[in-house]
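Residue numbers for the sequence shown follow my numbering, beginning at 1 and rising by one. Here's the structure we're looking at; comments come further down.
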Amino acid sequence: MSLKKKIAAAFIACAMTLAVVPSAFACTALYVGSDLTEDGTTMFGRIEDLGTNDYNKLFNISPAGKHTAGEVYEGCYGFTYTFTHDSYRYTARRDDNGLGVCPDCDSTHEHTPYEEAGTNEKGVMVSATESLYGTDAVLSVDPYVDNGIEEAEITTVLLSEASTAREGVALLTSIYDNAGAAGGSGVFIADQNETWFVENLTGHTYLALKLSSSVVFMQPNIAAMGKIDLDDTDHVVASANLISVAQKAGTFVGDAAANVIDLDASYNGDIASDRMAAGLNYLYGTDTFTKDNYSETDFAISNVGENGAIVPVYSNIQLTKKFSVEDSIHFFQTEPIGKTGNVETHLFQVSATGNLNTAITEWTAFDDDVYNAFVPYYPMLTTDTADVYKVSVHKVTRSDEQPTEGVWYQDAKGRYYTYPDDWTDSFYGVRDALSNLLTYGSNGNQVTAKDRAAAKASYAALQQEIMADYADMKAAVAAADTLEAKQAAATNASNAMSQKVYNTTLKMYNKLQAKTAVRAWVSSLLH
């Protein structure tokens, strides 16, 4: 399993006992249908979280033909897949094995480490995965499969193979049917025309739902699907055993005769979440929700109306306004959704009309969204990512005793982390270093609330600069008269924005690091 899920496995028994998903692997997803946005685009994305972010992330282009027809691909944990054609080109955020060892499985065999999200040359987008967990009862009937597909392989396989969203859904669900799943997941699979969300909570069950243009939902590691009528075959793809597994487990909620199942109630149960409450407060523009005064089932997505008829997919979440892309970005920055445990965040913005080359924008950010700026890329036109996204660095060193040299910090659990000398050479590394400095201090020296407020203000101003740069990029791409010129305009502009975020972050980090050292020196003189 991926590093995120290895940590999850270590805590899962405790998590189920407490009925809370631990924050060490607390990812959060958002979907906003096109009827609910200012510009008529569909927006969806996800934060990848990990308790302590001490390993590097990369953002690059996987070239067409990296995998060839007939090639047998071996993933991290025993899952294998035979490619049916030469792989498509795609963008990818991924873990870093540039120094030879995969951080997910600690293996050196030839494979791609966990890829979280991207867009391929056909315009298929994948975000994988939102970690989900079936109850002990359903897993006793249909357990996870050790060598089944795992999140570390889903994006790699789907973006390499699928030419449409429906092809991606068919491929993933066929893998669940045959090889099985190594864990529970929520996966977005989309193209310019439609967005699907696929949930599985046991080894061979799944439910895929085509999302409507009028629905908004969020997902903090909780099954998002509530009452679903499986007879809605234009919008639903379900495993043949979805109802029977829950029946055998004694957990089925729904109407089997009508082919209706409440997936959340049958497979996941009701789990409270501070992130769900914070997200609801943001979406509703209020501060009244807490994890103690709402039920997840109140906001699950459904296609069953009050009279039992099939209706377009909806949730009970009601936005107070039409959403802009900045509103979606601010959702991910809302604490505790945004926090130092964030690893990377991606937001897809998709127009159902216009040329495919400019219909899809990927907004990307690394590490803590509380202090962050998102950078836009046109994945269909991008020929390369910024160099700082592709720097492989050495590992952070963990210890239980206070280090005597180097730059280090102590986390909330008392553990010490020392950076390698090359950590801030990478985009992820410098973002991580600043986030940890703002959260934990450095070498025993602490920052102030004023420092944190200043960092937020700096990133807010930087985001406004990037929005202006994005407008300029769109104009430059529109004015270019050849495909090559459009590719150059898009690639150069996005990479310049990424470099701007890197440079700004490095400057902020170095300045604040020096400031905390001076404060500590002055304090030592006074005491």
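Don't be surprised by glycine CBs; every beta carbon is placed ideally from N, CA and C.
* **Contact belief for TYR409 with TYR440 at Cβ below 8 Å, rounded distance in angstroms** => Position 409 of the sequence shown, counting from 1, holds the residue named residue 409. Position 440 of the sequence shown, counting from 1, holds the residue named residue 440. Indeed, because the Cβ distance is near 4 Å, the residues count as touching under 8 Å.
* Asked: Can you list, in chain order, the stretches of the beta strand (DSSP E) that have 3 or more residues and sit fully within the stretch 82 to 163?
  -> 90 to 95, 115 to 119 and 125 to 132
* To do: Please classify PRO220: is it buried, with 16 or more other beta-carbons within 10 angstroms of its beta-carbon, or exposed?
  => Locating residue 220 in the sequence shown gives position 220, counting from the first residue. Taking a 10 Å sphere around the C-beta of PRO220, we find 16 or more other C-beta atoms and assign the residue as buried.
* To do: Determine the direct distance from the alpha carbon of ASN342 to that of GLU335, and round the result to whole angstroms.
  => Sequence index remark: in the sequence shown, residue 335 carries index 335 (1-based). Sequence index remark: in the sequence shown, residue 342 carries index 342 (1-based). Those two C-alpha atoms are separated by around 11 Å.
* Asked: Given a threshold of 16 other Cβ atoms within 10 Å of its Cβ, counted over all protein chains shown, does ALA475 qualify as buried or as exposed?
  -> On the sequence shown, position 475 is the one that residue 475 refers to. So ALA475 ends up on the exposed side.
* First through last residue of the alpha helix (DSSP H) which encompasses ALA165 -> The residue given as residue 165 occupies position 165 in the sequence shown. Residues 165 to 178.
* To do: Take VAL101 and list the residues in its own chain whose beta-carbon comes closer than 7 Å to its own, dropping the five residues that flank it on each side.
  => Start at 1 with the first residue of the sequence shown, and residue 101 comes out as number 101. In chain order, THR108 place their CB closer than 7 Å to the CB of VAL101, counting only its own chain and leaving out the 5 sequence neighbours on each side.
* Under the three-state DSSP convention, the category ASP387 falls into -> Residue mapping note: residue 387 aligns to position 387 of the sequence shown, counting from 1. Residue state, collapsed to three classes: helix.
* Coarse secondary structure for HIS346, derived from DSSP in three states -> Residue mapping note: residue 346 aligns to position 346 of the sequence shown, counting from 1. DSSP places HIS346 in strand when its eight states are reduced to three.
* What is the DSSP secondary structure of ILE317, counted as helix, strand or coil? -> Position 317 of the sequence shown, counted from the first residue, corresponds to residue 317. In this structure, ILE317 counts as coil in the three-state DSSP scheme.
* Asked: Looking at C-alpha atoms only, which residue of ALA277, GLY184, THR297 and GLU296 is the closest neighbour of THR288?
  -> Position 288 of the sequence shown, counting from 1, holds the residue named residue 288. The shortest Cα separation from THR288 among ALA277, GLY184, THR297 and GLU296 belongs to ALA277.
* What three-state label does DSSP hand VAL245 in the structure shown? -> Indexing the sequence shown from 1 puts residue 245 at position 245. DSSP places VAL245 in the helix class (H, G or I) of the three-state scheme.
* Asked: If we ignore side chains and look at the alpha-carbon of each, how far apart do ASP229 and ILE466 end up?
  -> If you number the sequence shown from 1, residue 229 lands on position 229. If you number the sequence shown from 1, residue 466 lands on position 466. Computed Cα separation, rounded: 43 Å.
* Which one of ALA181, GLY45 and ASP49 has the shortest CA to CA distance from GLY78? -> For the purposes of this step, residue 78 is taken as residue 78 along the sequence shown, with counting starting at 1. The candidate whose alpha carbon is nearest that of GLY78 is ALA181.
* Asked: Buried or exposed: where does ASN200 fall if 16 or more other Cβ atoms within 10 Å of its Cβ makes it buried?
  -> As a first step, residue 200 must be located in the sequence shown, where it is residue number 200. Flag for ASN200 reads buried.
* Asked: By DSSP, does MET380 sit in helix, in strand, or in coil?
  -> Indexing the sequence shown from 1 puts residue 380 at position 380. In this structure, MET380 counts as coil in the three-state DSSP scheme.
* Going by DSSP, name the residue or residues bridged to ASP54. => Within the sequence shown, numbered from 1, the residue matching residue 54 stands at position 54. Its beta-bridge partners do not exist; DSSP assigns none.
* By DSSP, does TYR267 sit in helix, in strand, or in coil? -> Sequence index remark: in the sequence shown, residue 267 carries index 267 (1-based). Looking at TYR267 - three-state DSSP - the assignment turns out to be helix.
* To do: Alpha carbon to alpha carbon, how far is THR353 from VAL304? Give it in angstroms, no decimals.
  => Counting from one through the sequence shown, the residue named residue 304 turns up at place 304. Counting from one through the sequence shown, the residue named residue 353 turns up at place 353. Each residue's Cα considered, the two are about 29 Å apart.
* Asked: Are the beta-carbon atoms of SER392 and ASN53 separated by less than 8 Å?
  -> Here the question's residue 392 lines up with position 392 in the sequence shown. Here the question's residue 53 lines up with position 53 in the sequence shown. Result no, Cβ atoms of SER392 and ASN53 do not sit closer than 8 Å.
* Using a threshold of 8 Å, state whether the C-beta atoms of ALA300 and MET380 are closer than that. => On the sequence shown, position 300 is the one that residue 300 refers to. On the sequence shown, position 380 is the one that residue 380 refers to. Their beta carbons are not under 8 Å apart, which means ALA300 does not touch MET380 by this criterion.
* Could I get the ranges of all uninterrupted beta strand (DSSP E) runs contained in the stretch 286 to 334, with 3 residues as the minimum, in chain order? => 302 to 304 and 310 to 314
* To do: Could you check if GLU405 is buried or exposed, using at least 16 other CB atoms within 10 Å of its CB as the buried criterion?
  => As a working note, residue 405 is residue 405 in the sequence shown. Per the 10 Å Cβ criterion, exposed.
* To do: From the DSSP output, read off the bridge partner residues of MET43.
  => Within the sequence shown, numbered from 1, the residue matching residue 43 stands at position 43. For MET43, which the question treats as bridged, DSSP gives the partners VAL32 and GLN349.
* Nearest-angstrom Cβ-Cβ length linking ALA165 and ILE149, presumed shorter than 8 Å -> On the sequence shown, position 165 is the one that residue 165 refers to. On the sequence shown, position 149 is the one that residue 149 refers to. Actually they do not touch by this definition, with Cβ atoms about 18 Å apart.
* Check whether ALA208 and THR173 have beta carbons under 8 Å apart -> Residue mapping note: residue 208 aligns to position 208 of the sequence shown, counting from 1. Residue mapping note: residue 173 aligns to position 173 of the sequence shown, counting from 1. Cβ distance < 8 Å, so ALA208 and THR173 count as in contact.
* How is the alpha helix (DSSP H) around ILE466 delimited, first residue to last? -> In the sequence shown, the residue the question calls residue 466 occupies position 466. 449 to 479 is the span of the alpha helix (DSSP H), which, as asked, contains ILE466.
* **Continuous alpha helix (DSSP H) stretch holding TRP363: start and end** => In the sequence shown, the residue the question calls residue 363 occupies position 363. Looking at the DSSP string, TRP363 is not in any alpha helix (DSSP H); the run it does join, the beta strand (DSSP E), is 360 to 366.
* **Residue of LYS122, PRO63 and THR135 minimising C-alpha distance to ASN355** => The residue given as residue 355 occupies position 355 in the sequence shown. Here the closest residue by C-alpha is LYS122.
* To do: Please report the Cβ distance between SER140 and ALA249, rounded to the nearest whole angstrom; I am assuming they are in contact, meaning their Cβ atoms lie under 8 Å.
  => Taking the sequence shown and counting its residues from 1, one reaches residue 140 at position 140. Taking the sequence shown and counting its residues from 1, one reaches residue 249 at position 249. Yes, SER140 and ALA249 are in contact; Cβ-Cβ is about 7 Å, under 8 Å.
* When DSSP labels each residue in this structure, what does ASP255 get in the three-state scheme? -> In the sequence shown, the residue the question calls residue 255 occupies position 255. If DSSP states are grouped into helix, strand and coil, ASP255 belongs with the strands.
* Anyone know if the C-beta pair for THR202 and GLY134 falls short of 8 Å? -> As a working note, residue 202 is residue 202 in the sequence shown. As a working note, residue 134 is residue 134 in the sequence shown. Yes; because the gap between Cβ atoms is below 8 Å, this pair is in contact.
* To do: To the nearest angstrom, report how far apart LEU263 and TYR509 are at their CA atoms.
  => Position 263 of the sequence shown, counted from the start, is the residue given in the question as residue 263. Position 509 of the sequence shown, counted from the start, is the residue given in the question as residue 509. C-alpha separation (whole angstroms): 46 Å.
* To do: Kindly list the residues whose CB is nearer than 6 Å to the CB of GLN318, restricted to its own chain and excluding five residues on each side of it in sequence; keep chain order.
  => Stepping through the sequence shown from its first residue, residue 318 is reached at position 318. Contacts found: none.
* Using the DSSP secondary-structure output, state which residues sit across from PHE59 in a beta bridge. => If you number the sequence shown from 1, residue 59 lands on position 59. Answer is ARG93, bridged to PHE59.
* Asked: Under the DSSP definition of a beta bridge, which residues are partnered with ASP540?
  -> The shown model of the chain, from 1 to 527, leaves out residue 540, and the question about it has no answer.
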